[in-house]
Amino acid sequence: FVGYYNNNKKRINIIAAVIVVVAGAIYYFQGVYMPSQEKAASKKFAEVFYYFKKDSIDIVLNGNPAKNVVSAPSIADKYSSTDKGKEAAHVAGIAYLQKKEYKKALKYLDMTDARDNIIAPSIISMKAVCYSELGDIEEAASLFEKAGMISENDFSATYLKKAGIHFEELENWKSALRVYNVIGELYS
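Below you can see the structure in the form of structure tokens.
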């Protein structure tokens, strides 16, 4: 090994230095940078979430400089890699949906990251509503069906029913019958 090292000393030292630099960068990113970003996003999101709960949609979407409240879309854009940034995107998507700004709603709903059996289907359903309102009935039907099939809960039958209605609008009777049969089997 000593002979190999002496013959390749420069290359081995460069590789070792690169490994140390990469390990240090990873440690800094995960141990220092991301926690500080999460903390900053959390503080800003808490302020805007208060207005979201109060149905102050204009403040949620535009912020309130007089009260030093940052908008949910700006939090989502700036802190998109954090959990609170994803929550801000969720709130922004809901707010844009309420304002009937469907393309903007889709943009922010696509930035969310829910993986549970209640919120994930809800987000998919909101995307389906956006596509339906934008005239993409096929995508809406597909998303409503996807939302309804994620888990068996109180909302699944509603999502499947909406899928069936959209499939009927497309005159896709086979798919409509399929989702209606699932409703009959699981939610009679």
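Note that the sequence shown covers residues 1 to 188 in my numbering.
Virtual Cβ for every residue (Gly too), placed ideally from N, Cα, C.
Minimum C-alpha distance to residue i - residue among the options
i	options	result
LYS52	SER36, ALA72, GLU38 and LYS67	Contrary to the premise, residue 52 reads as Phe rather than Lys in this sequence. Answer by Cα proximity: ALA72.
LEU97	ASP113, SER122 and ALA114	SER122
SER42	LYS107, ASN172 and SER81	SER81
GLU87	SER56, GLU47, GLY3 and ASN68	GLU47
SER36	LYS84, ASP110 and GLU152	LYS84
HIS166	ALA140, GLU152 and LYS100	ALA140
VAL91	PRO65, LYS67 and LYS44	LYS44
ASN172	GLU152, ASN153, PHE155 and ILE137	ILE137
Cβ separation of residue i and residue j, assumed to be a contact under 8 Å, to the nearest whole Å
i	j	result
ALA105	ILE150	Contact flag wrong, Cβ pair sits at about 20 Å.
PHE144	SER175	PHE144 to SER175, Cβ: 11 Å. No contact.
TYR187	ALA157	4 Å
VAL179	LEU160	5 Å
Residue span of the alpha helix (DSSP H) that contains residue i, given as start and end
i	result
TYR79	That residue, TYR79, is in no alpha helix (DSSP H); it is neither H nor E in DSSP.
ASN172	Element bounds for ASN172: n/a, residue is neither H nor E.
GLN30	Segment: none, GLN30 is in no alpha helix (DSSP H) and carries neither H nor E.
LYS103	102-109
ASN64	That residue, ASN64, is in no alpha helix (DSSP H); it is neither H nor E in DSSP.
With 16 other Cβ atoms within 10 Å as the buried cut-off, status of residue i
i	result
GLY63	buried
GLU185	exposed
LEU109	buried
VAL182	buried
ALA89	buried
LEU177	exposed
GLY135	exposed
ALA25	exposed
ILE131	Position check: residue 131 holds Tyr in this sequence, whereas Ile was assumed. Looking at its Cβ environment, which holds 16 or more other Cβ atoms inside 10 Å, TYR131 is buried.
LEU170	exposed
ALA76	buried
ILE193	Residue 193 is absent from the structure shown; the chain starts at 1 and stops at 188.
GLY93	buried
Three-state secondary structure assigned by DSSP to residue i
i	result
ASN6	helix
VAL91	helix
ASN153	coil
VAL18	helix
VAL70	coil
ASN117	coil
SER260	Here the chain has residues from 1 to 188 only, and residue 260 is not among them.
LYS44	helix
TYR192	In the structure displayed, the chain extends from 1 to 188; residue 192 sits before or after that span and is not available.
LYS84	helix
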